[in-house]
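Peer 1: Take the sequence shown: its letter number 139 is residue 158 in my numbering, and every next letter is one higher.
Pasting in a structure now, in structure tokens, and then I'll have a few things to ask.
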Amino acid sequence: MNVILLGAPGAGKGTIAKLLTDFDGSVQISTGDILRGAVQAGSELGKQAEVFMNTGDLVPDQLIMDIMESRLQASDCQNGFLLDGFPRTMPQAEALKALLSKIGMQLDIAVNLKVSREVILDRLATRRTCSNAECQAIYNVKSNPPKQAGICDKCGSPLIQREDETEKAISHRLKVYNEKTAPLIDFYDAEGLLLSLDATSSDAVISAIKTRLGGGLG
Ligand code: ADP
Ligand code: ZN
20 MNVILLGAPG AGKGTIAKLL TDFDGSVQIS TGDILRGAVQ AGSELGKQAE
70 VFMNTGDLVP DQLIMDIMES RLQASDCQNG FLLDGFPRTM PQAEALKALL
120 SKIGMQLDIA VNLKVSREVI LDRLATRRTC SNAECQAIYN VKSNPPKQAG
170 ICDKCGSPLI QREDETEKAI SHRLKVYNEK TAPLIDFYDA EGLLLSLDAT
220 SSDAVISAIK TRLGGGLG
């Protein structure tokens, strides 16, 4: 399935993407993970992106489109892709539309994950991320703690609170989301691709997506 996951920071885009990958083998493409990997690797891309990311601002559209243009043409996207954190601005959505038509691919749906501001603030403040760039597993100190406090179950690396998950950066990210990303909901509605869901329960979200895509997925 070719799916866009929309939703505020903390809405659960990454969690839903992982569950959908397990379901049909579509690949999760998280621009946030790609950018954090580049920052850790100290690459030119990482150096350019880091200043924006640390304050909770968006990385310039052109940088993102350069990444996505090649990423979407990698062979693993042939089985389907789950876009997690992209597109995030109107210019990115327009550029994605043009890119997909150029490479002969089609979107199935854009899923809008809706959660209240209180839930988002709570989820982000209690979220911990594996510091290993190759892993980036996500935990929650309340709802999904690691077996050993502060250590990743999967790779043994220390867990960290992301630089952009301080209270100040979080409220800035929510503001940026409302200004730049929320308009995409109307855009995909007009394209006839929107599926808006209450994101409190991941199971309910997954089953609604399966129902909507129904036939084609068996
Ligand atoms: P979130 O928890 O906000 O969904 P992400 O991991 O998706 O966080 O993104 C972290 C940061 O990476 C963003 O705050 C932004 O600086 C940058 N970023 C990720 N994806 C994009 C994008 N599509 N366009 C611009 N900036 C992006
Ligand atoms: Zn790890």
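Note that CB positions come from ideal geometry on N, CA and C, so glycine has one too.
Here the structure is a predicted model, which means the values were calculated and not measured.
Can you give me the C-alpha to C-alpha distance between A36 and T148, rounded to a whole angstrom?
Peer 2: Locating residue 36 in the sequence shown gives position 17, counting from the first residue. Locating residue 148 in the sequence shown gives position 129, counting from the first residue. Whole-angstrom Cα-Cα distance: 16 Å.
Peer 1: Where does A129 fall in DSSP's three states?
Peer 2: As a working mapping, residue 129 is identified with position 110 in the sequence shown. A129 falls in the strand class under three-state DSSP.
Peer 1: In angstroms, rounded to a whole number, what distance separates the CA positions of G31 and K121?
Peer 2: Counting from 1 along the sequence shown, the entry for residue 31 is found at position 12. Counting from 1 along the sequence shown, the entry for residue 121 is found at position 102. Rounded to whole angstroms, G31 to K121 spans 30 Å at the Cα level.
Peer 1: Using CA coordinates, which residue listed in L91, A144 and N151 is at the minimum distance from M124?
Peer 2: Within the sequence shown, residue 124 is the residue found at index 105, counting from 1. Taking only the C-alpha atoms, the option nearest M124 is L91.
Peer 1: Name the two residues that bound the continuous beta strand (DSSP E) containing R147.
Peer 2: Here residue 147 refers to the residue found at position 128 of the sequence shown. Its beta strand (DSSP E) spans residues R146 to C149.
Peer 1: Nearest to M84 by alpha carbon, out of L115, M109 and F42?
Peer 2: If you number the sequence shown from 1, residue 84 lands on position 65. M84 has its Cα closest to that of L115, out of L115, M109 and F42.
Peer 1: For G237, which residues from the same chain have a beta carbon less than 6 Å from its beta carbon, with the 5 sequence-adjacent residues on both sides left out?
Peer 2: For the purposes of this step, residue 237 is taken as the residue at position 218 of the sequence shown. The pLDDT assigned to G237 is 45, lower than 50, so where the model puts this residue is not dependable, and the model offers no usable value.
Peer 1: Could you check what DSSP says for V195 in three-state terms: helix, strand or coil?
Peer 2: As a first step, residue 195 must be located in the sequence shown, where it is residue number 176. Three-state DSSP puts V195 in a helix.
Peer 1: In three-state terms, what does DSSP make of Q67?
Peer 2: Here residue 67 refers to the residue found at position 48 when the sequence shown is read from its first residue. Q67: helix per DSSP, three-state reduction.
Peer 1: Please name the residue in A57, L25 and M72 whose C-alpha comes closest to that of T185.
Peer 2: Reading the sequence shown from its first residue, position 166 is the one you call residue 185. Comparing Cα positions, the closest option is M72.
Peer 1: May I ask which residues mark the beginning and end of the beta strand (DSSP E) holding D103?
Peer 2: Here residue 103 refers to the residue found at position 84 when the sequence shown is read from its first residue. Unbroken beta strand (DSSP E) run through D103: F100 to D103.
Peer 1: Going straight from the alpha carbon of K194 to that of G51, what length do you get?
Peer 2: Position 175 of the sequence shown, counted from the start, is the residue given in the question as residue 194. Position 32 of the sequence shown, counted from the start, is the residue given in the question as residue 51. Cα to Cα, K194 sits roughly 17 Å from G51.
Peer 1: Tell me which residue opens and which closes the beta strand (DSSP E) that I23 is part of.
Peer 2: In the sequence shown, counting from the first residue as 1, residue 23 sits at position 4. It spans N21 to G26 - the beta strand (DSSP E) in which I23 sits, taken as one unbroken run.
Peer 1: If you reduce the DSSP assignment to three classes, tell me which class Q180 lands in.
Peer 2: Mapped onto the sequence shown, residue 180 falls at position 161. In this structure, Q180 counts as coil in the three-state DSSP scheme.
Peer 1: If you drop the 5 nearest sequence neighbours on each side, which residues of the same chain put their C-beta closer than 7 Å to that of P202?
Peer 2: Along the sequence shown, read from residue 1 onward, the residue named residue 202 stands at position 183. The residues are M109.
Peer 1: Only counting the same chain, and skipping five residues up and downstream in sequence, which positions put a Cβ closer than 7 Å to that of L140?
Peer 2: For the purposes of this step, residue 140 is identified with residue 121 of the sequence shown, where counting begins at 1. I189.
Peer 1: Are the beta-carbon atoms belonging to D103 and I179 less than 8 Å from one another?
Peer 2: As a working mapping, residue 103 is identified with position 84 in the sequence shown. As a working mapping, residue 179 is identified with position 160 in the sequence shown. No, Cβ-Cβ distance for D103 and I179 is not below 8 Å.
Peer 1: Suppose only complete runs of 4+ residues qualify. What are the alpha helix (DSSP H) ranges in the region 28 to 82, listed by chain order?
Peer 2: Correct list: 32 to 43, 50 to 60 and 63 to 74.
Peer 1: At a threshold of 7 Å, does S215 count as lining the ligand ADP (C-beta to nearest heavy atom)?
Peer 2: Residue mapping note: residue 215 aligns to position 196 of the sequence shown, counting from 1. S215: no, Cβ never under 7 Å from the ligand ADP.
Peer 1: Kindly indicate if chain C contains any beta-carbon less than 8 Å away from that of A218.
Peer 2: Note that chain C does not occur in the displayed structure, where there is just one protein chain.
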